[in-house]
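Here the sequence shown stands for residues -36 to -1, 1 to 426, numbered as in mature numbering (1 follows the signal peptide of the UniProt record, and there is no 0).
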Amino acid sequence: MYCRQPTSREGHPMRLWTRRRLLLSTASAASTAALAATASAPAHALTGKPPAPDDAIVRRLGSLPGVRIVEERPSTEPGYRLFVLGLRQPVDHTDPSAGTFEQRLTLLHTSTERPTVLFTTGYGAVLTSRFTEPTVLLGGNQLQVEHRYFGTSLPSVHDYSHLTVRQAADDHHRVVRTFRRLYPGAWISTGGSKGGMASVYHRRFHPHDVDGTVAYAAPNNVDDRDDSAYLRFLETVGTAADREAIRTAQRRLLLHRAELVARYEAATTAAGDTFRIVGSADKAFEIAVLRAPFMFWQNGGSAADRAALPGPDATADRLYTWLDDTAGLSLYADTVARAYIPYWYQLATEMGYLDVPTAHLSDLLRHPGAVEPRTFVPRDIPVRFDPDAMPDIDRWVRRSGTRLLFVNGTRDPSTAESFPPGRHDSRVLWVPDANHHTTLADLPAADRAEATAMLTRWAART
């Protein structure tokens, strides 16, 4: 359930499945569970070592207010050191009496004279040397911020009312304000999908914290009352034959529901997992089937993927395997679903959700509203949607946004409703025939040169 931030070396797993009556999703069940486990590992489970106290950079880090060095970990890149840090943050930036929590950060340090890239997955932190594309292009430092309420960045009292885009933006503001004492040069923010959204939200409330922002495959989700952009996209992407093959596979999966749900439930039980959050294996199976077209185009959609779509004579086993590969069946069992309750809460209260076509399946569906975010938020957590949150962000981008670079794939349904360019020194660039996993390196040559020049200019503060 995360989205992927592109890098020049290797893909950074972060997938998002966002539904404005569906969502933007994950690489695979295994990678999702692995990231969830890594992101939530307690400090004592980390595998690095305490840094030497007489080290100059260690002394300077230790002198920053509210900063704790958890450990130093091995870095994969010469000239870089990897630190896992904690930063004491207010639970409510408007009310000191609400208490504090420790937010997890990772720092890839190379030099206090270099630019610094502020990076978020929008979820838990990844505790290995994963370099974002702007970090590589600029040869800069990289400060990764774990999103509040994910991983170990948890208030002791889980009052979800403090999980808002403004509170997270204020977290980022305090990170920049704190670490600018150590890194006085240019700052660039970046993230992919939900991380890209968080980077834009940060700029909305603190527009001068950084010198520019690169947001990859970031949904806008501005109008929760009108999902037609997403429906139109799914009704036109690919060829008519591709779309019909997916619709046929969905129907055949639901026609084989009894057999396949029994298999799904048995495999989940054997793995020691349950469906208490979603409610049942049957409901989880239906969600996966409904998500399949969106996820197919978001994460795949290549010629090879289209050629491998199940045919009309595909066996139940082949259909099940395709569904698992496409929509990730383990995402709806409790182990993963529990880790992403904060994400679903954000969708249900501010970020909005998508829609997907269901008319061709209406006679086979059993669980109305199954793919709504509320399905994944326990009933004892109050949920109230704020219809003004995303329009506010959109207005700021259109009227006041500066130095914003959006990089999208033309085959990605998540950006069917994309951010507009800002008012000054901003661009929306499209990678032809690309899905949710875009990079600057994949852009056409002229656009790639323009994007690189923008990033270089921002980092030079010219």
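Glycine included, C-beta positions come from ideal geometry on N, C-alpha and C.
Rounded distance between the beta-carbons of residue j and residue i, thought under 8 Å
i	j	result
T416	N372	With 8 Å as the limit, T416 and N372 do not qualify as a contact, their Cβ atoms being about 17 Å apart.
T142	L51	7 Å
L328	L218	4 Å
I21	H57	Incorrect: roughly 28 Å between the Cβ atoms, too far for contact.
D298	F258	Not quite, the Cβ-Cβ distance comes to about 23 Å (not below 8 Å), so this is no contact.
L46	R32	So it is not a contact: roughly 16 Å between Cβ atoms.
I357	Y165	6 Å
Contact set for residue i: own chain, Cβ-Cβ below 7 Å, skip 5 residues either direction
i	result
R145	L28
V341	I305, W308, Y309, A312 and V347
A5	No answer about A5 holds up, because its pLDDT of 37 lies below 50 and its placement is not dependable.
T200	none
F114	A3, Y87, G88 and P306
V55	A62, G63, T64, F65, P119 and H126
Q214	V253, A256 and L325
Where the alpha helix (DSSP H) through residue i begins and ends
i	result
H166	K158 to F169
H137	V129 to F143
R52	Taken as a continuous stretch (DSSP letters only), R52 belongs to no alpha helix (DSSP H), being part of the beta strand (DSSP E) at R45 to P54.
L218	A204 to L219
F260	A245 to N263
A423	A409 to A424
G26	A20 to G26
D281	A280 to A291
S192	S192 to L198
Y317	First-last for Y317: undefined, no H or E at that position.
Contact set for residue i: own chain, Cβ-Cβ below 6 Å, skip 5 residues either direction
i	result
F370	A179, F383 and V392
R362	P384
R421	none
P408	none
E394	Just to set this straight, residue 394 is Trp in the shown sequence, not Glu. Cβ neighbours of W394 beyond the five flanking positions: N372 and T374.
T232	A297
E414	none
T290	A256, M259 and F260
H388	T366
D411	L393
G30	L51 and R52
8 Å Cβ cutoff met for residue i and residue j
i	j	result
T203	P276	no
V81	T70	no
G365	R167	yes
N184	E35	no
T128	T154	no
D397	T379	no
F169	R130	yes
A181	H400	yes
P321	L198	yes
G156	E77	no
Q67	D173	no
S93	S163	no
L107	V48	no
Among the options, the one whose alpha carbon lies nearest that of residue i
i	options	result
R425	P351, H388 and W151	W151
R221	A234, I210, T238 and E250	E250
A62	S378, N105, G30 and H122	H122
G333	Y228, Y147, S157 and A248	A248
A132	D298, T232 and E314	E314
P79	D350, D246, D175 and D269	D175
A256	D389, T232, Y284 and A182	Y284
R207	V139, W261 and G316	W261
R343	T84, P377, T58 and G243	G243
G103	A89, T92, V129 and S75	S75
R112	T84, V164, S326 and E223	T84
T279	D269, Y317, L224 and A291	L224
G386	P377, R367 and H400	R367
D187	R359, H400 and M418	R359
V139	V109, G292 and S390	V109
A205	S39, D411 and P274	P274
T281	A303, Y228 and P171	A small fix is needed here, since residue 281 is Asp in this sequence, not Thr. Ranking A303, Y228 and P171 by Cα distance to D281 puts Y228 first.
D246	A291, S117, Y296 and A271	Y296
A303	L107, I210 and I241	I241
A209	A271, A162, M161 and H172	A271
Y317	N105, K158 and S117	K158
S294	G30, A235 and H388	A235
Terminal residues of the beta strand (DSSP E) in which residue i lies
i	result
I33	V31 to R37
T177	G176 to Y180
L107	N105 to V109
R391	R391 to V395
L69	T64 to H73
F370	L368 to G373
residue 437	Here the chain comprises residues numbered -36 to 426, so residue 437 is not present and cannot be evaluated.
Beta-carbon proximity list for residue i, same chain, < 8 Å, skipping 5 on both sides
i	result
S(-29)	Bear in mind that a pLDDT of 32 at S(-29), under 50, signals an unreliable position, so the model cannot answer this.
D376	A181, W261, Q262, A398, N399, H400 and T402
Chain B contact for residue i (CB, 8 Å cutoff)
i	result
L82	Looking for chain B here will not work: only one protein chain is present.
Residue i beta carbon near the ligand ZN (any heavy atom closer than 7 Å)
i	result
V225	As far as ligands go, the structure on display features none, and thus does not contain the ligand ZN.
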